[in-house]
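Remarks on the structure that follows.
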Amino acid sequence: MPRISITVPDELDEYLNQQSSESGDFDSKSEMVRESIRSMKDGDDGVDELERELEEQQSHYEDEIDKLETVVERLENEKRTILSQREENQELVKWAKEEQSLQRRREERQTAPVWKRAKWWLTGYDG
1 MPRISITVPD ELDEYLNQQS SESGDFDSKS EMVRESIRSM KDGDDGVDEL
51 ERELEEQQSH YEDEIDKLET VVERLENEKR TILSQREENQ ELVKWAKEEQ
101 SLQRRREERQ TAPVWKRAKW WLTGYDG
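Heads up: the sequence shown begins at 1 in full-length UniProt numbering, then just goes up one per residue.
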């Protein structure tokens, strides 16, 4: 294992002495520094993993958004089609009512007595 030397301010030296003597987890300040560096490295690895997971989630959500936009577009097209069909149906209903009215007038003219038809002819009544 390579050796390195570091210089720390007095306050950090006091902190290292205090932590190594109080916790009992470390035999020396060097061991405490090594463990701190390992923890920092593990933290960096954890950050990298979280960043990868974040990218995966973003990609997943972007795919879901694309799918939902496709569904919305399809539903809007269906809505337009339904509205168009409704307009056509309303026109057909109007036409059917007019045809029924014309048919009733034809039947009324055909079944009306001669005197009534003559009266209508003279007065210009169209039944």
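Backbone N, C-alpha and C define an ideal beta-carbon position, used for all residues, glycine too. Keep in mind that this is a model prediction, so the values were computed, not measured.
To which residues of the same chain is residue i closer than 7 Å at the C-beta, ignoring the five residues directly before and after it?
{"i": "residue 16", "result": "29, 32"}
{"i": "residue 117", "result": "109"}
{"i": "residue 12", "result": "none"}
Please check the pair residue i and residue j, which I expect to be a contact at CB under 8 Å, by giving their CB distance rounded to whole angstroms.
{"i": "residue 35", "j": "residue 26", "result": "7 Å"}
Rounding to the nearest angstrom, what Cα-Cα distance links residue i and residue j in this structure?
{"i": "residue 38", "j": "residue 50", "result": "18 Å"}
{"i": "residue 111", "j": "residue 124", "result": "18 Å"}
{"i": "residue 54", "j": "residue 67", "result": "20 Å"}
{"i": "residue 98", "j": "residue 62", "result": "54 Å"}
{"i": "residue 108", "j": "residue 90", "result": "27 Å"}
{"i": "residue 83", "j": "residue 94", "result": "17 Å"}
{"i": "residue 96", "j": "residue 102", "result": "10 Å"}
{"i": "residue 64", "j": "residue 81", "result": "26 Å"}
{"i": "residue 18", "j": "residue 59", "result": "47 Å"}
{"i": "residue 69", "j": "residue 76", "result": "10 Å"}
{"i": "residue 86", "j": "residue 46", "result": "59 Å"}
{"i": "residue 56", "j": "residue 88", "result": "48 Å"}
{"i": "residue 100", "j": "residue 120", "result": "21 Å"}
{"i": "residue 4", "j": "residue 24", "result": "24 Å"}
Near residue i, what residues of its chain come up, given a Cβ to Cβ distance below 6 Å and the 5 sequence neighbours on each side ignored?
{"i": "residue 20", "result": "26, 29, 32"}
{"i": "residue 114", "result": "none"}
{"i": "residue 122", "result": "none"}
Closer than 8 Å by C-beta to residue i: which residues in its own chain qualify, once you throw out the five before and the five after it? Chain order, please.
{"i": "residue 8", "result": "16"}
{"i": "residue 6", "result": "33"}
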